[in-house]
């Protein structure tokens, strides 16, 4: 049986009927954080949990070896670092799952209009030959010289009325999923300080569900020769590192520019309506590495704890923070094991590769471990941890503001009724502010916008913590963006979730899965 192609961040968040989800419960106040796991019958010791300083050292190390791109020395070092930490934590076994992916690198990028250099950054994975094409592609020493058609601030449908064959199109990138779009999926909201339920926050969009794929498809079908993408919904940066979307390979060259630079470009186009674009890209077939460590239980029913270690930039929040949480949990349960505490279920800790290059590692894992069951491990539950982030906001001058608030976050879940109750209690127990519980079952046939989409699609009961700060795919994702005070509460919350998975019979963890419709 073939695993469905990974949807990842591109999951469609269609509004589910309220009756299918239930009205969201809003908590206006939260109790103080509790000590120790609240799951009766499961041994726990808070004294063995790593602290904030330990997790920050992990994040700082991950940033120090960035960028951690798949198939590069930084990516390999990140995978090997996680494996070393898993061994030191006392795993019974540590190994690498390997899969095939495709790296991308750009050089000699420039954009000139009316004799003036334009500040730009190449669109990631542009100027490639196809989904699995490798090699060097270049616009040559003279570059692409063509007329520019300005579609920025106009709908994509305007393309139908224009002849853009052989031309460079300047067009806005739109972020399509403001937080308010998730409200039909919200089952529970803990927002005692009003950090979610204000208009500006609800209308803020995340940077990974965008118009890029539709734009690529439309421009290439219309015969455009190149794209200038205006980051119209973004702060004053052109260092936006988009993911690679396998269904929409970008064979034409592309450049990102800021909204302010687009204003300058328009003035220059009034003098000369043409541009010269230069770009050389190299794409290689590479080996993706996914480190995995297990603590064997009495059975092969396996609780999986995951994040991802790769990054395009510094990647402190995305996903140094998630990696730090996974390793801290591995150290905690390893310490429990060394004290003679053995569990019924096996624990598996892992960080994925290929988040930005096409999710091939996720597809490989889902096919091998779940759909085809080629290993002894029966994955009965998945706990995914991503993005322990400060709230980001775009100021009036376009500057990125990092606020002393947590970025709104949510636990996507498709658990049983008892599991839903457990998550609500966990959110309140650990005072996880600005936190929602989101119904993953409603979108199970198409997946969820997190790294656990593969698990939901494959029918594995899943809890997936996610946040979507505006700076997540940018060079601005540095140490200052990590919500340090949230690291330990999130650690304790996920410890409680894992302990509930341990206590609950495997066949009672999740709801019935909807068959994959792809």
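In mature numbering (1 follows the signal peptide of the UniProt record, and there is no 0), the protein residues as written are -29 to -1, 1 to 489.
Even for Gly, the Cβ is constructed at its ideal location relative to N, Cα and C.
Residue of the options minimising C-alpha distance to residue i
{"i": "residue 284", "options": "426, 90, 449", "result": "449"}
{"i": "residue 254", "options": "354, 76, 113", "result": "76"}
{"i": "residue 465", "options": "200, 297, 105", "result": "297"}
{"i": "residue 170", "options": "151, 183, 188", "result": "151"}
{"i": "residue 376", "options": "45, 164, 233", "result": "164"}
{"i": "residue 153", "options": "381, 87, 311, 387", "result": "381"}
{"i": "residue 62", "options": "267, 430, 352, 248", "result": "267"}
{"i": "residue 367", "options": "166, 205, 326", "result": "205"}
{"i": "residue 67", "options": "94, 81, 47", "result": "47"}
{"i": "residue 53", "options": "295, 256, 132, 146", "result": "295"}
{"i": "residue 80", "options": "409, 425, 121, 226", "result": "226"}
{"i": "residue 301", "options": "95, 201, 319", "result": "319"}
{"i": "residue 102", "options": "216, 198, 173", "result": "216"}
{"i": "residue 500", "options": "234, 178, 121, 431", "result": "Here the chain covers residues -29 to 489 and nothing more, so residue 500 does not appear."}
{"i": "residue 162", "options": "406, 388, 189, 391", "result": "406"}
{"i": "residue 211", "options": "51, 94, 45, 141", "result": "94"}
{"i": "residue 443", "options": "479, 472, 176", "result": "176"}
{"i": "residue 419", "options": "299, 344, 385, 126", "result": "385"}
{"i": "residue 388", "options": "38, 128, 158, 24", "result": "158"}
{"i": "residue 427", "options": "125, 24, 482, 166", "result": "482"}
{"i": "residue 228", "options": "214, 83, 269", "result": "83"}
{"i": "residue 23", "options": "65, 125, 461", "result": "461"}
{"i": "residue 353", "options": "415, 417, 276, 36", "result": "276"}
{"i": "residue 238", "options": "323, 197, 447, 119", "result": "119"}
{"i": "residue 43", "options": "241, 256, 348", "result": "256"}
{"i": "residue 38", "options": "111, 105, 348, 327", "result": "327"}
{"i": "residue 188", "options": "140, 166, 156, 107", "result": "140"}
{"i": "residue 371", "options": "445, 429, 401", "result": "445"}
{"i": "residue 27", "options": "457, 127, 472, 478", "result": "457"}
For residue i: DSSP bridge partner residues
{"i": "residue 353", "result": "275, 433"}
{"i": "residue 262", "result": "67"}
{"i": "residue 242", "result": "Paired residue(s): none; residue 242 is not in a bridge."}
{"i": "residue 371", "result": "365"}
{"i": "residue 324", "result": "BP columns for residue 324 are empty, so no partner."}
{"i": "residue 118", "result": "245"}
{"i": "residue 409", "result": "157, 383"}
{"i": "residue 107", "result": "253"}
{"i": "residue 181", "result": "146"}
{"i": "residue 360", "result": "453"}
{"i": "residue 228", "result": "201"}
{"i": "residue 377", "result": "361"}
{"i": "residue 500", "result": "The shown model of the chain, from -29 to 489, leaves out residue 500, and the question about it has no answer."}
{"i": "residue 211", "result": "445"}
{"i": "residue 481", "result": "386"}
{"i": "residue 438", "result": "380"}
{"i": "residue 176", "result": "149"}
Residue j beta carbon less than 8 Å from that of residue i
{"i": "residue 245", "j": "residue 117", "result": "yes"}
{"i": "residue 143", "j": "residue 90", "result": "no"}
{"i": "residue 433", "j": "residue 411", "result": "yes"}
{"i": "residue 365", "j": "residue 441", "result": "yes"}
{"i": "residue 263", "j": "residue 321", "result": "yes"}
{"i": "residue 74", "j": "residue 329", "result": "no"}
{"i": "residue 278", "j": "residue 293", "result": "yes"}
{"i": "residue 207", "j": "residue 231", "result": "yes"}
{"i": "residue 218", "j": "residue 181", "result": "no"}
{"i": "residue 258", "j": "residue 404", "result": "no"}
{"i": "residue 463", "j": "residue 20", "result": "yes"}
{"i": "residue 374", "j": "residue 452", "result": "no"}
{"i": "residue 399", "j": "residue 383", "result": "no"}
{"i": "residue 41", "j": "residue 421", "result": "no"}
{"i": "residue 248", "j": "residue 220", "result": "no"}
{"i": "residue 287", "j": "residue 459", "result": "no"}
{"i": "residue 50", "j": "residue 335", "result": "no"}
{"i": "residue 174", "j": "residue 149", "result": "yes"}
{"i": "residue 378", "j": "residue 360", "result": "yes"}
{"i": "residue 271", "j": "residue 348", "result": "yes"}
Presumed contact (8 Å Cβ cut-off) between residue i and residue j, rounded CB distance
{"i": "residue 85", "j": "residue 243", "result": "4 Å"}
{"i": "residue 273", "j": "residue 350", "result": "5 Å"}
{"i": "residue 358", "j": "residue 290", "result": "7 Å"}
{"i": "residue 265", "j": "residue 186", "result": "The pair is not a contact, with the Cβ atoms about 43 Å apart (cut-off 8 Å)."}
{"i": "residue 305", "j": "residue 60", "result": "4 Å"}
{"i": "residue 355", "j": "residue 423", "result": "4 Å"}
{"i": "residue 130", "j": "residue 193", "result": "6 Å"}
{"i": "residue 109", "j": "residue 251", "result": "4 Å"}
{"i": "residue 332", "j": "residue 396", "result": "Between residue 396 and residue 332 the Cβ distance is about 33 Å, and since that is not below 8 Å, they are no contact."}
{"i": "residue 498", "j": "residue 470", "result": "Any answer about residue 498 is impossible in this case: the structure gives the chain only from -29 up to 489."}
Residue i CB to nearest heavy atom of the ligand ZN below 7 Å
{"i": "residue 372", "result": "As presented, the structure is devoid of all ligands, the ligand ZN included, so that no description of it is given."}
Which whole runs of the beta strand (DSSP E) in the stretch 132 to 156 are 3 residues long or more, in chain order? Segments of the beta strand (DSSP E) lying fully in the stretch 132 to 156: 139 to 143.
Taking only runs of the beta strand (DSSP E) that begin and end inside the stretch 64 to 94, which ones reach a length of at least 3 residues, in chain order? Entirely contained in the stretch 64 to 94, the beta strand (DSSP E) runs reaching 3 residues are, in chain order, 64 to 84.
In chain order, which alpha helix (DSSP H) runs of at least 4 residues are fully inside the stretch 33 to 60? If we require 4 residues or more, the alpha helix (DSSP H) runs fully inside the stretch 33 to 60 come out as 44 to 59.
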